[in-house]
Amino acid sequence: MSSDFATCRLDRDGPRRRSRVAPRYRKDGYEEAFDDRTLWFDAIWQDGTVTLVCPRLNNLAAMVSKGAFALDGIATPTKIRTFYRHSLVLLRSPHPPARVSFASEAFRLETPVHEAMPGRFRNRNVIVTMSKDNELAWIEDFARFHAETQGAEGIVFIDNGSALYGTRDIERVLDRTGLDPLVLCTGLPFGPRGRSPYGNTELFLQTCALNAVRLRYLRDARAVLCCDIDELVLGRTPVSIFDATWHSTFGLVRFGGEWRYAPHAPRNGIVRHDDHRFLAPGKSACPPKWCVRPSGPLGDLQWRPHILEGFAFNWAFRSRKFAFHHCRQITTGWKRETAAPEIARLVPTRPARQIADQTARKAVARPVPRRVHQSGPRQKVRDFGERSSRRFFGLRPALKTASLALALFIGLATEEAIDNDPVSQEIAYLMQGFQN
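Structure (structure tokens):
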């Protein structure tokens, strides 16, 4: 299957990625679903750096460190960053290269490099989602709901090897919703499900895809909502999730979900989102989803389906003003089991569309104003603060700690120097105090 990403795959008889999950935590079929051959998922040039977004390298990190990378045939040093489900290989390049290659003692591989296109969704409210073989009616319902109730303007739709239809079919149904669609395809395996506590540890694909599109297309988006086709986001006030995120100080809103059920299939056999009119009392809440402002202080953090990685305060941004309905029967079963509670346990409730319509009727006549980008001194100070925050929160944890320690140290030294003593003298006093 063709791919819209610059994906590099290892040869079948070459080295393979090994799982870091112990065999006792692997379910049946784990090895078959595990992606052991993808070296990098995509290659993106942006602001003087080529970023290779890789499934977590695991044992391949040693090979990558010893191998030789080149951009358009010119050898280039690398830096590797490792996260929970993915790794980044960073290569400096002042100009956008056409190709990136990797060579070891036994083989050589190369792919194109994509230049980032931040203008594609500049200043727009964008949904990012991944799907495989979901009904086209579900896709249309999902997109239309968020366009009409939350003010979504664009969608990055990542299709994971659907066999029931093609890219043009997806684009056609998304066009009908009024959204500006970008449909990207990849045929890589979604990944295996393990046993607790490693159920999602090696689901590499979605995390890689989220960070690839973040770098390629979404840096200048107004706000980005991450949710799945079976999830409908609702607000408890007339303010949309995108507006709330845009106006928030840190540019992040997280919100929990609740399961909804449609116990009886309609006559045509296709369950729709609006058929999910039942809930199961006592059912555990769904893991939170998020909406982020990429230009905000947290814009350089890594994306995962439920959190911004490397940020210790995800929990503090959980909002009770938003929630999502997780529609259980909107599924092909490609990611999870489809068992539902017994019908007798279900309790009738309002569907998402009815709730959204009632909330909209409470809204005032004029919409929430968009924050206008100013050009005065105060705005310049604000922009500088957000840029500095993005760089800080995007650092490794050790560098964050060192930066905080340095800032504290400088602050103390400056405060002590207010009495007109030389700063060097105050620093010497502080150093002496630390040594004692």
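With my numbering applied, the sequence shown corresponds to residues 118 to 553, in that order. By construction, the Cβ of each residue, glycine as well, lies at the ideal position given by its N, Cα and C atoms. On a predicted model such as this, the values are computed, not experimentally measured, just so you know.
>> Rounding to the nearest angstrom, what Cα-Cα distance links Ile460 and Tyr315 in this structure?
In response: Approximately 31 Å between the Cα atoms of the pair.
> DSSP puts Thr378 in a beta bridge; with which residues?
Replying inline: Sequence check: residue 378 is Tyr here, not Thr. Per DSSP, the beta bridge partners of Tyr378 are Phe395.
> Where does Arg137 sit, in a helix, a strand or coil, going by DSSP?
Replying inline: When secondary structure is reduced to three states using DSSP, Arg137 falls in the coil class, being assigned neither helix nor strand.
> When the Cα atoms are used, what is the spatial distance from Asp189 to Lys406?
Replying inline: Whole-angstrom Cα-Cα distance: 39 Å.
> Which one of Ala160, Arg134, Lys144 has the shortest CA to CA distance from Ser120?
Replying inline: Nearest C-alpha to Ser120 among Ala160, Arg134, Lys144: Ala160.
> Cβ atoms of Ala469 and Leu351: under 8 Å apart, would you say?
Replying inline: Yes, they are a contact pair.
> Can Gly146 and Pro309 be called in contact, C-beta distance under 8 Å?
Replying inline: Yes, the pair counts as a contact, with Cβ atoms nearer than the cut-off.
> Excluding five sequence neighbours on each side, which residues of the same chain lie with their C-beta closer than 8 Å to the C-beta of Asp258?
Replying inline: Once the five neighbours on either side are set aside, the close Cβ partners of Asp258 are Arg389, His390, Asp391.
> When the Cα of Ile287 is compared with those of Gly268, Glu252, Cys125, Arg435, which residue comes out closest?
Replying inline: Nearest C-alpha to Ile287: Glu252.
>> Just verifying my parser: in three-state terms, what is the DSSP assignment at Ser221?
In response: Looking at Ser221 - three-state DSSP - the assignment turns out to be coil, as it is neither helix nor strand.
> Who are the Cβ neighbours of Arg126 in its own chain at under 6 Å, not counting the five residues just before and after it?
Replying inline: Closer than 6 Å at Cβ, skipping near neighbours: Arg154, Thr155.
> Which one or two residues does DSSP pair with Met247 in a beta bridge?
Replying inline: Listed as beta-bridge partners of Met247 by DSSP are Ile275.
> Thinking C-alpha only, which one of Glu319, Phe372, Arg237 is nearest Ser204?
Replying inline: It is Glu319 whose Cα lies nearest to the Cα of Ser204.
> Tell me which same chain residues have a C-beta within less than 6 Å of the C-beta of Ile424, skipping the five on either side of it?
Replying inline: Taken in chain order, the residues that qualify are Asn431.
>> Between Ala440, His231, Leu299, which has its C-alpha nearest Glu375's C-alpha?
In response: Comparing Cα positions, the closest option is Ala440.
>> Going by beta-carbon coordinates alone, are Arg371 and Phe434 separated by less than 8 Å?
In response: Taking 8 Å as the cut-off, the Cβ atoms of Arg371 and Phe434 count as close.
> For the alpha helix (DSSP H) that Glu252 lies in, which residues bound it at each end?
Replying inline: In the DSSP assignment, Glu252 falls outside any alpha helix (DSSP H), carrying neither H nor E.
> Are the segment 300–307 and the segment 129–137 in contact at 8 Å, needing three or more beta carbon pairs?
Replying inline: Contact between the segment 300–307 and the segment 129–137 is absent, with fewer than three C-beta pairs closer than 8 Å.
>> Rounding to the nearest angstrom, what Cα-Cα distance links Trp255 and Gln446 in this structure?
In response: Whole-angstrom Cα-Cα distance: 11 Å.
> Apart from the five residues on each side of it in sequence, which residues of its chain come closer than 8 Å, Cβ to Cβ, to Ala482?
Replying inline: In this predicted model, Ala482 has a pLDDT of only 41, less than 50, meaning its place in the structure is not dependable; the value taken from the coordinates is given anyway. Contacts found: none.
> Leaving out five residues before and five after Thr124 in sequence, what residues of the same chain have Cβ atoms less than 8 Å from its Cβ?
Replying inline: Cβ contact annotation for Thr124 (same chain, cutoff 8 Å, sequence separation greater than five): Thr155, Trp157, Phe158, Asp159, Thr228, Thr303, Leu305, in chain order.
> How would you label Asp164, buried or exposed, when you count the other beta carbons within 10 angstroms and need 16 or more for buried?
Replying inline: Around the Cβ of Asp164, a 10 Å sphere holds fewer than 16 other Cβ atoms; the residue is exposed.
> Considering Ala185, what are the terminal residues of the beta strand (DSSP E) in which it resides?
Replying inline: Run containing Ala185: 185–188, per the beta strand (DSSP E) assignment.
>> DSSP has Ile161 in a bridge; who is on the other side?
In response: Note: Ile161 sits in a beta bridge opposite Thr168, His231.
> In terms of alpha-carbon separation, which member of Pro211, Val330, Leu301 lies closest to Ser248?
Replying inline: Closest by alpha carbon: Leu301.
> What is the DSSP secondary structure of Val388, counted as helix, strand or coil?
Replying inline: DSSP places Val388 in coil when its eight states are reduced to three.
> Between Phe321 and Asp128, which are expected to be in contact by the criterion C-beta below 8 Å, what is the C-beta distance as a whole number of angstroms?
Replying inline: No, Phe321 and Asp128 are not in contact; Cβ-Cβ is about 19 Å, not under 8 Å.
> Relative to the alpha-carbon of Leu281, which residue among Ala264, Thr449, Ala379 has its alpha-carbon at the smallest distance?
Replying inline: The option with the nearest alpha carbon to Leu281 is Thr449.
> So the alpha helix (DSSP H) Glu270 belongs to, where does it begin and stop?
Replying inline: For Glu270, there is no enclosing alpha helix (DSSP H), since its DSSP letter is neither H nor E.
>> Counting C-beta neighbours from all protein chains within 10 Å, is the total for Gln475 16 or more, i.e. buried, or is it exposed?
In response: Its Cβ having fewer than 16 others within 10 Å, Gln475 is exposed.
>> Given this structure, state the Cα-to-Cα distance separating Arg237 from Ala139, to the nearest angstrom.
In response: Spanning the two alpha carbons is a distance of roughly 42 Å.
>> To the nearest angstrom, how far is the alpha carbon of Thr166 from that of Asp360?
In response: Spanning the alpha carbons of Thr166 and Asp360 requires a straight line of approximately 32 Å.
>> My assumption, with CB atoms under 8 Å, is that Leu342 sits in contact with Cys408. Please give the rounded CB distance.
In response: Confirmed, about 5 Å.
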